[in-house]
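Undergrad: I'd like to ask you about the structure that follows.
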Amino acid sequence: MSDLLRAPAEIKYAEELDWLESIDDNPKPFSWRLSPKMVRLFILGSERSDGLDRDIAQKWYGDRSFVERSIVTLASDRGLLLIGDPGTGKSWLAELLSAAISRNSTLVVQGTAGTTEDHIKYSWNVSMVIAKGQSRESMIPSPIMTAMETGAIGRFEELTRSTSDVQDALISILSEKYISVPELDSDSIVFAKPGFSVIATANSRDRGVNDLSSALKRRFNFVRIPVVTNKKSETEIVRFRTEELLRRHQIELDVPPTLLDVLLQSFADLRATAASAGSDDEKLESALSTAEQIGVLEDAILHSNFFGERALTAHTLASSLVGSLARREPEDLAILNKYLHGVVEPRSKAEGGSWPEFLEGGRDAIATLS
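Residues 461 to 830 in our numbering are what the sequence shown lists, from first letter to last.
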């Protein structure tokens, strides 16, 4: 695993999944590797009341009802659609579910304006077709078709980014549970095996890009993932991801709790500003998601490790925040400058601590970008 830039969940947590599978004596739907109860435990982590011989770390932070509804949906014959704002952990939850159920989370189609029916059905190896003609051997199955043939979970990222033609092709797959291959004279239908299902994700901010038809909506159970606003939960998520980052880069660098509080409070302030804004021009282009907080902290940690004094400072954290969130010039810079003067400056005078250095770092970053 050390030679992979990013190991999928089934490899990263292989030892844990093996152990859970070895003790799992609960009923399993279809070809599932773990029972629904163990899938939930793998994702949300163990509690003392579970009576296990080892602890299972929590990997996704959110309401347990979202996870339970997702698992129940996948145990039925309906698809699962995870919908929410950017950075709410939809893709990570989909990956964890696929890893726990199928031990394969890599059967993924990425929805874009360029995604075609071939990407969710099949295409052809041209050289083999020229040499031997069209056959099952010369056919290249899509990740979705592979999931059908193996009774696994297929994933479709950013469903609303794909065109209506692609969405219509997915309707027949979810309804009929087979793909017809008219180019073949025999063996021309690929049937889905028990256990096959589709987890799709959709960005709620993409509404209007390629809206889902009512027919496709009926094939999915919707689970809406809200933005994490609970400070305790958000702190746990950021700390969990930060520890992963430090291990991956083999960095020994302390992240002071006070600076983590500054980061969380800054995002809370900026979200409040966005909520009270009268127009989009008065809002940052950023969604201010938990994932973006993690990105700001990652940038600050790496900068401190490679170019700083191998210690995270409020100045570096502020510089990373401005650099990450200022995507439009001059609009975003003006919003951040107003935030520093209107909120951070009074707080730094009243509370002290890390805020004066954070204020200075933010001002310096804005001056550099202006």
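Every residue gets a Cβ at the ideal spot worked out from N, C-alpha and C, and that includes glycine.
Please report how far the alpha carbon of Tyr-473 lies from the alpha carbon of Leu-757, in whole angstroms.
TA: Spanning the two alpha carbons is a distance of roughly 24 Å.
Undergrad: Within 10 angstroms of its Cβ, does Val-406 collect 16 or more other Cβ (buried), or is it exposed?
TA: No statement about residue 406 is possible, as the shown extent of the chain runs from 461 to 830 and does not include it.
Undergrad: Could you tell me the boundaries of the beta strand (DSSP E) in which Thr-828 lies?
TA: Careful: Thr-828 lies outside any beta strand (DSSP E), inside the alpha helix (DSSP H) at 815-829.
Undergrad: Going by DSSP in three states, Gly-668 sits in which element: helix, strand or coil?
TA: Summary for Gly-668: the model assigns pLDDT 48, below 50, so the residue's position carries little reliability; its value from the coordinates is reported in the next sentence. Gly-668 falls in the coil class under three-state DSSP.
Undergrad: Is Thr-575 near Thr-620, with beta carbons less than 9 Å apart?
TA: No, they are not a contact pair.
Undergrad: Grab the span of the beta strand (DSSP E) containing Ile-604 for me, first residue to last.
TA: That residue, Ile-604, is in no beta strand (DSSP E); its alpha helix (DSSP H) goes 603-610.
Undergrad: Buried or exposed: where does Pro-496 fall if 16 or more other Cβ atoms within 10 Å of its Cβ makes it buried?
TA: Buried: at least 16 other Cβ atoms inside 10 Å.
Undergrad: On a CA-only basis, which of Glu-712, Ala-747 and Val-715 is nearest Phe-727? Give me that one, please.
TA: Here the closest residue by C-alpha is Ala-747.
Undergrad: Going by beta carbon distance, what residues of the same chain come within less than 7 Å of Ser-749, once the five residues before and after it are set aside?
TA: Closer than 7 Å at Cβ, skipping near neighbours: Asp-545, Pro-546, Gly-547, Thr-548 and Val-687.
Undergrad: Taking the straight line between their C-alpha atoms, what separation do you get for Gly-668 and Ile-659?
TA: Bear in mind that a pLDDT of 48 at Gly-668, under 50, signals an unreliable position, so the number given afterwards is only what the model happens to contain. Cα to Cα, Gly-668 sits roughly 21 Å from Ile-659.
Undergrad: Does the segment 726-740 come into contact with the segment 521-537, if we say contact requires no fewer than three beta-carbon pairs (one atom in each stretch) closer than 8 Å?
TA: No contact exists between the segment 726-740 and the segment 521-537.
Undergrad: Taking Gln-518 as the reference, which of Phe-700, Val-650 and Ser-646 has the closest Cα?
TA: The shortest Cα separation from Gln-518 among Phe-700, Val-650 and Ser-646 belongs to Phe-700.
Undergrad: Between Trp-520 and Leu-504, which are expected to be in contact by the criterion C-beta below 8 Å, what is the C-beta distance as a whole number of angstroms?
TA: Yes, Trp-520 and Leu-504 are in contact; Cβ-Cβ is about 7 Å, under 8 Å.
Undergrad: If you check the beta carbons only, do Ser-780 and His-763 fall under 9 Å apart?
TA: It is a contact, given that the beta carbons lie within the stated cut-off.
Undergrad: Take the Cβ of Gly-522 as the centre, count every other Cβ of all protein chains shown within 10 Å, and call the residue buried at 16 or more, exposed below.
TA: Buried, by the Cβ-count rule.
Undergrad: Beta-carbon separation of Leu-836 and Val-569 under 9 Å?
TA: For residue 836 there is no data in the structure shown, the boundaries of the chain being 461 and 830.
Undergrad: Which of the three DSSP states is assigned to Tyr-799 in this structure?
TA: DSSP places Tyr-799 in helix when its eight states are reduced to three.
Undergrad: At which residue ranges does the segment 645-701 contain complete beta strand (DSSP E) runs of 3 or more residues, listed in the order of the chain?
TA: 649-651, 657-663 and 680-685, all fully within the segment 645-701.
Undergrad: Determine, using beta carbons only, whether Thr-566 and Pro-603 come nearer to each other than 9 Å.
TA: Against a cut-off of 9 Å, the Cβ pair of Pro-603 and Thr-566 comes out as a contact.
Undergrad: Can you tell which of Val-641, Phe-656, Leu-724 and Asn-663 has the C-alpha that lies nearest to the C-alpha of Ile-561?
TA: Of the candidates Val-641, Phe-656, Leu-724 and Asn-663, the one whose C-alpha sits nearest the C-alpha of Ile-561 is Phe-656.
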